[in-house]
């Protein structure tokens with residue numbers, strides 16, 4: 008069994024606290040590129056044995072920005088210094104990955120693990136007890152769903168008898184200070200982050216938290232900015248960490264919530280089904296998670312700190328406390344909540360055939376299929392108007408038919424020449440022909 012360890016990584020801003028699992032060996036050797044020149048002319052490759060493997064739960068917190076500096080070379084500006092990343096061609100060398108296992112413990116226990124290995128759940132088929140448990144979670148969640156003023160209101164699905172959730176106020180404030188040290192030296196970046204927060208406030212996604220909490224759970228989310236300069240739209244985004252812990256024994260917000268049964272359609276199934284119709288229409292719900300609102304008693308569990316001026320000390324006069332109104336992305340229950348709300352809203356449609364499009368909905372992506380052009384346009388109008396009644400704007404519409412594309416209003420029509428279908432790039436061949444490649 009591996010043990011949980013805590014250590015600090017020294018960065019240019021502060022010492023970063025890391026929790027990790029310890030094993031005897033991560034890998035024998037891995038390729039490492041390095042250069043002694045700032046021009047990245049003479050890049051050499053060597054092989055070293057890694058001592059630390061940082062996963063995505065921490066990795067992005069070290070990255071400030073990155074840019075492409077060559078055909079297959081990237082320069083990364085991180086809080087531990089500049090790094091060079093390069094694609095290494097495959098060689099004949101073999102890397103052996105080691106797994107540390109207790110000598111007295113069998114790799115597969117015949118009475119338990121082997122049964123799990125062949126469990127039908129791996130195929131998406133669950134036994135009756137699992138279905139009953141998920142059904143109970145779903146019914147309890149639905150009891151707290153309200154529809155008022157063209158908006159759905161929900162509550163977090165809390166675990167019963169979970170450990171007391173700490174506020175994490177000190178941790179959240181400490182991380183914000185580290186982030187703002189970087190923002191203070193980059194006014195343009197600070198303006199981008201400030202614009203995001205102001206925009207969310209104006210949209211009604213967040214609000215100033217009341218001095219007296221309205222719920223029993225009061226918790227502060229840690230936040231940091233992630234920069235992606237290669238993107239054409241959002242180059243900066245704010246990330247809120249619901250898995251942050253003040254200590255290894257303390258629970259995070261995600262530890263106190265139920266993930267929820269996610270009976271979403273299988274990606275492979277969607278990619279097969281959307282080929283059945285002669286015409287395909289695709290759109291996505293704008294800021295989908297934020298369009299579902301939390302009940303007031305649940306909003307204090309997703310508070311966060313912000314500052315009026317990052318160059319000034321973090322005094323009470325310079326500190327703002329916000330809380331989310333809309334469901335924030337990154338909380339373990341958020342995908343479940345969005346999926347159930349979409350299902351509930353689809354069931355309100357009078358057209359029984361349109362209710363069945365739930366099999367072609369994945370998170371905030373929606374696919375419509377038709378064998379007749381007018382039928383496709385009619386589906387688009389019905390679905391778009393229906394979701395607007397729940398304050399959900401389906402935009403970025405695109406079809407494989409040029410005449411259907413002309414039926415989409417300009418402000419909600421896909422304009423880019425490259426379109427993603429569930430992560431796959433699809434290119435628009437010309438002004439009149441729209442092609443989807445999978």
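In the numbering used here, the protein residues as written are 8 to 445.
Virtual Cβ for every residue (Gly too), placed ideally from N, Cα, C.
Since residue i contacts residue j with CB under 8 Å, what's their CB separation in whole angstroms?
i	j	result
residue 20	residue 188	5 Å
residue 416	residue 267	About 35 Å; that fails the 8 Å criterion.
residue 346	residue 271	6 Å
residue 304	residue 221	6 Å
residue 386	residue 260	About 39 Å separates the two Cβ atoms, so there is no contact after all.
residue 61	residue 91	Their Cβ separation, rounded to whole angstroms, is 17 Å, which puts residue 61 and residue 91 out of contact at 8 Å.
So the alpha helix (DSSP H) residue i belongs to, where does it begin and stop?
i	result
residue 352	341-353
residue 184	176-191
residue 284	No alpha helix (DSSP H) contains residue 284, which DSSP labels as neither H nor E.
residue 53	Note, residue 53: premise wrong, no alpha helix (DSSP H); beta strand (DSSP E) at 51-55.
residue 412	409-414
residue 20	Element bounds for residue 20: n/a, residue is neither H nor E.
residue 210	194-210
residue 231	Here residue 231 belongs to no alpha helix (DSSP H); instead the beta strand (DSSP E) covers 229-234.
residue 402	That residue, residue 402, is in no alpha helix (DSSP H); its beta strand (DSSP E) goes 401-406.
residue 375	No alpha helix (DSSP H) holds residue 375; the beta strand (DSSP E) holding it covers 372-377.
residue 261	260-263
residue 305	303-306
If you drop the 5 nearest sequence neighbours on each side, which residues of the same chain put their C-beta closer than 6 Å to that of residue i?
i	result
residue 182	229
residue 106	Because residue 106 carries a pLDDT of 46, less than 50, the predicted location of this residue cannot be relied on, and no value is offered for it.
residue 402	293, 419
residue 225	174, 307
residue 13	26
residue 22	15
residue 339	261, 264, 266
residue 153	160
residue 199	243
Would a C-beta distance cut-off of 7 Å place residue i and residue j closer than the cut-off?
i	j	result
residue 286	residue 414	no
residue 411	residue 384	yes
residue 249	residue 177	no
residue 72	residue 204	no
residue 87	residue 42	no
residue 69	residue 85	yes
residue 40	residue 78	no
residue 365	residue 375	no
residue 180	residue 317	no
residue 299	residue 348	yes
residue 284	residue 404	no
residue 227	residue 311	yes
residue 263	residue 184	no
residue 141	residue 258	no
Within the continuous beta strand (DSSP E) that includes residue i, where are the two ends?
i	result
residue 330	326-331
residue 88	88-93
residue 215	213-215
residue 356	Unbroken run through residue 356: none, as it is neither H nor E.
residue 382	Not the beta strand (DSSP E): residue 382 falls in the alpha helix (DSSP H), residues 380-395.
residue 248	243-248
residue 158	Counting along the chain, residue 158 falls outside any beta strand (DSSP E), and DSSP gives it neither H nor E.
residue 85	80-85
Sorted by chain position, which residues of the same chain lie with C-beta nearer than 8 Å to residue i's C-beta, five sequence neighbours on each side aside?
i	result
residue 89	82, 83
residue 341	296, 334, 335
residue 131	At residue 131 the pLDDT is 47, less than 50, meaning the model places this residue with poor confidence and gives no usable figure here.
residue 95	38, 40, 52
residue 301	160, 161, 162, 163, 309, 331, 332, 333, 334
residue 244	203, 232, 233, 235
residue 246	67, 230, 231, 232, 233, 337
residue 373	289, 290, 291, 292, 364, 367, 390, 401
residue 196	189, 190, 232, 234, 243
residue 354	362
residue 323	none
Using a Cβ-Cβ cut-off of 7 Å (strictly less than) and excluding sequence neighbours within five positions of residue i, which residues of its own chain qualify?
i	result
residue 396	157
residue 313	204, 327, 329
residue 325	314, 315, 316, 319
residue 99	Only weak support is given to the placement of residue 99: the predicted model assigns it a pLDDT of 48, under 50, and the value that follows is read from those uncertain coordinates. Cβ within range, chain order: n/a, list empty.
residue 369	271, 272, 274, 277, 429
residue 380	286, 408, 410, 411
Any heavy atom of the ligand HEM closer than 6 Å to the Cβ of residue i?
i	result
residue 331	Ligands are entirely absent from the displayed structure, and the ligand HEM is therefore not among its contents.
Check your understanding: Is there contact here, the stretch 247-259 with the stretch 207-218, by at least three beta-carbon pairs under 8 Å?
Key -> no
Review point. Three or more C-beta pairs closer than 8 Å, one from the stretch 144-162 and one from the stretch 273-281: is that the case here?
Key: no
**Study point:** Inter-stretch contact at 8 Å, needing at least 3 Cβ pairs: the stretch 23-39 / the stretch 53-60
**Key:** yes
Check your understanding: Counting Cβ pairs, one atom from each stretch, are 3 or more of them under 8 Å apart for the stretch 357-366 and the stretch 152-161?
Key -> no
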